[in-house]
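Residue numbers for the sequence shown follow UniProt numbering, so the first one is 1 and each next one is one higher.
Just so it is clear, CB atoms sit at the ideal spot from N, CA and C, and this is done for glycine as well.
A short write-up of the structure that comes next.
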Amino acid sequence: MVTWYSLKRPFPNTFALLVFTLTIGCNEPSDGLISSSSNSAKNINQTFEVKGIVRKISEKENKIHIEHEEIPNYMVAMTMPFSVRDKNEFELIRVGDEIKFELNITDKESWIEKIDVVLRPKREQLSIKDEPTNSLNLEEIKPLRVGDELPNYSLINQENKKIQLTSFRGRILVFTFMYTRCPIPDFCPRMSQNFREAYNALKDININKDWHFLSISFDPDFDTPEILKNYSKAYSLNSKKWSFATGNTSVIDEMILRFGIILRRQKASITDWDHNLRTVIVDPNGVIQNIYIGNLWTSETLVKDLKRTANNHLNWKLKAEGK
1 MVTWYSLKRP FPNTFALLVF TLTIGCNEPS DGLISSSSNS AKNINQTFEV
51 KGIVRKISEK ENKIHIEHEE IPNYMVAMTM PFSVRDKNEF ELIRVGDEIK
101 FELNITDKES WIEKIDVVLR PKREQLSIKD EPTNSLNLEE IKPLRVGDEL
151 PNYSLINQEN KKIQLTSFRG RILVFTFMYT RCPIPDFCPR MSQNFREAYN
201 ALKDININKD WHFLSISFDP DFDTPEILKN YSKAYSLNSK KWSFATGNTS
251 VIDEMILRFG IILRRQKASI TDWDHNLRTV IVDPNGVIQN IYIGNLWTSE
301 TLVKDLKRTA NNHLNWKLKA EGK
């Protein structure tokens, strides 16, 4: 039988210093459990009651990494970062806590609230479960930065054809990382939505016909070419301008590591992970021009940076030709 711990909150004056954007009403129920309640945004499509264990707290990023149970009819059990709108929530928890919370989903974003701590283990009982499995040696892998030449990697696209990243030389290449089973709207689905909006904005603009979007899955065990092809149909795209690909796990792992993506496959399960996001713009010479960190970039920003890259390359080309 699980023992429920009686935990005390910080004083209200401490909370007042941490109020960020929302007004929170906090209360402590009679059973002594930590509880918080907040004003939710309107137009919530779905709300789920979820249980899990806190594995990492990223207060600066307003995120809590939680190893959560299966959410029936929505998401398999996995570990992933969840957005937190109210900073007061961070005062209630620590790594290792067993918690229950509400997960709110809209068309374009998600966040958690109403966190209750139901079990707080002793410090010595905490385990380091979020260590990556079969991780690559960071000291042996050189990170890629703006201004670096993009190395060649061999991938397999949704048509089950082998492609090389060097085959995109002469075109502007924009690629992002995702996986098709990601259900949280402001993670992988937002990357695909941003690509769709930028794709629609660019396809009728004659700024430079030589550009290509590439969505790379880091879930090669599940995201087969057939899965990727079916997934791509939702975006009504021309595969000559936007394609999907994956590759050998070792190739994908090295690639994402060099761009700063942290992908934790826990319990040796491809579905039990958490991850961050990167999106990259590469000019026709194969030189990295932009690296977007996270999910806050917009399709308008992408279009603007792609246009700038096209103009810079045209100027470089004219100068090289002596014109």
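Reference residue i, options the options, closest by Cα
i           : options                           : result
Ser236      : Cys188, Gly260, Pro225 and Gln193 : Gln193
Ile99       : Lys142, Ser58, Lys51 and Asp148   : Lys51
Met78       : His68, Asn62 and Lys87            : His68
residue 397 : Glu113, Leu306, Asp210 and Leu150 : Outside the displayed range of the chain (1 to 323) lies residue 397, so it cannot be described from this structure.
Asn276      : Asn290, Asn295, Ile291 and Gln289 : Asn295
Leu173      : Ser215, Pro185, Thr224 and Asn157 : Ser215
Ala310      : Thr298, Gly322, Asn290 and Trp297 : Asn290
Asn157      : Pro121, Tyr292, Arg308 and Trp242 : Trp242
Ala234      : Val282, Glu102, Thr279 and Phe195 : Phe195
Gly96       : Gly260, Arg55, Thr224 and Glu149  : Arg55
Leu306      : Asp210, Lys319 and Val251         : Asp210
Ser110      : Val282, Tyr199, Ser167 and Ile184 : Ile184
Cα-Cα separation between residue i and residue j, rounded to whole angstroms
i      : j      : result
His313 : Phe48  : 48 Å
Lys304 : Phe218 : 27 Å
Asn45  : Pro72  : 16 Å
Thr249 : Ser154 : 11 Å
Lys60  : Pro284 : 36 Å
Glu91  : Thr180 : 34 Å
Ile105 : Tyr74  : 11 Å
Arg120 : Asp253 : 34 Å
Asp107 : Arg94  : 30 Å
Arg278 : Ser299 : 14 Å
Ile256 : Cys188 : 14 Å
Leu302 : Arg190 : 13 Å
Glu102 : Asp86  : 13 Å
With 16 other Cβ atoms within 10 Å as the buried cut-off, status of residue i
i           : result
Arg258      : buried
Glu131      : With a pLDDT of 35 at Glu131, under the threshold of 50, the modelled position of that residue is not reliable, and no figure is offered here.
Pro81       : buried
Gln164      : exposed
Trp316      : exposed
residue 376 : The first residue shown for the chain is 1 and the last is 323, placing residue 376 beyond what the model contains.
Pro143      : exposed
Phe244      : buried
Ser239      : exposed
Val76       : exposed
Glu321      : exposed
Arg308      : exposed
Phe213      : buried
Lys63       : buried
Cys182      : buried
Ile293      : exposed
Asn230      : exposed
Asp204      : exposed
Beta-bridge partners of residue i, as assigned by DSSP
i      : result
His212 : Leu173
Asn104 : Thr47 and Trp111
Glu67  : Ile53 and Thr79
Val303 : None; Val303 has no bridge partner.
Heavy atom of the ligand SAH within 8 Å of residue i beta-carbon
i      : result
Leu314 : Looking at this structure, you won't find the ligand SAH or any other ligand, since it has none at all.
Beta-carbon spacing of residue i, residue j below 9 Å
i      : j      : result
Pro225 : Asn160 : yes
CB contact check: residue i to chain B, cutoff 9 Å
i      : result
Glu321 : Any reference to chain B falls outside this structure, which holds one protein chain only.
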